[in-house]
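**Q** The opening residue of the sequence shown carries number 0 in numbering that gives the first Met the number 0; numbering runs sequentially from there. First the structure, which I've put down as structure tokens, then a few questions once you've had a look.
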Amino acid sequence: MREDIDKRSKRMLLFFNSWKGKELKNFAKIAYVRWLNGTIINVERGFVELEFFIRPEMANPVNLFHGGIQCGLLDNAIGMAVATLGYEGFPISIDFHVDFIGKIKVEEKVKVQGKVINESRNFLHAIAEIYDMRGNLISTSNSKLLITDLTPIYVKEIDKNSNSENG
0 MREDIDKRSK RMLLFFNSWK GKELKNFAKI AYVRWLNGTI INVERGFVEL
50 EFFIRPEMAN PVNLFHGGIQ CGLLDNAIGM AVATLGYEGF PISIDFHVDF
100 IGKIKVEEKV KVQGKVINES RNFLHAIAEI YDMRGNLIST SNSKLLITDL
150 TPIYVKEIDK NSNSENG
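What follows is the structure, encoded as structure tokens:
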């Protein structure tokens, strides 16, 4: 089982690295990830760094980066970091906490980092942070995730591609 997880983790890392530097608007089958349209800057097992351009449709009524969209970026970064671990079952958030610290206007870029900080048999603990391009912290989050037996789209795709390469 651990061997399968390690192999899947390596395949996920290869997959994410193949997208490094490219806009995610054509990424896989996950519509929300495509809509967010970030760019993968760095990816390692349990870690991802992304960059996003804050578009007008991501603004609140005073033209600042909308808190709900920030939550989406933070959750997305955690999800991608978790995906690199290689679990077959989909880890779902059972707790997600966000602190809004700074602000940023639309038409600017942000960096988002997601990192898994603890793995146990059934649970994961992960954090994510959004920074402006000057390195100022905009928001931070932490999440506890339950590893389920649900198989996400990306695992099906990665496993299918691996099986077709091996046989």
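We put the beta carbon where it would ideally sit given N, CA and C, even for glycine.
Might you give, ordered along the chain, the residues of its own chain that have their beta carbon closer than 7 Å to the beta carbon of His65, omitting 5 neighbours on each side?
**A** Met57, Ala58 and Asn59
**Q** One question on the structure: do Ser142 and Ile77 come within less than 7 Å of each other, judged by their Cβ atoms?
**A** yes
**Q** Considering Phe26, what are the terminal residues of the beta strand (DSSP E) in which it resides?
**A** Looking at the DSSP string, Phe26 is not in any beta strand (DSSP E), and its letter there is neither H nor E.
**Q** Can you round the beta-carbon distance between Ala80 and Gly37 to whole angstroms, since I take them to be within the 8 Å contact cut?
**A** Wrong, their Cβ atoms sit about 13 Å apart, outside the cutoff.
**Q** I believe Ser140 touches Val97 by the beta-carbon criterion, under 8 Å. Please report the beta-carbon distance rounded to the nearest angstrom.
**A** 5 Å
**Q** Pick from Asp3, Glu2, Arg7 and Arg1: whose alpha carbon is nearest that of Glu156?
**A** Glu156 has its Cα closest to that of Arg7, out of Asp3, Glu2, Arg7 and Arg1.
**Q** Over the uninterrupted alpha helix (DSSP H) stretch that includes Leu72, give me the two end residues.
**A** Gly66 to Ala82
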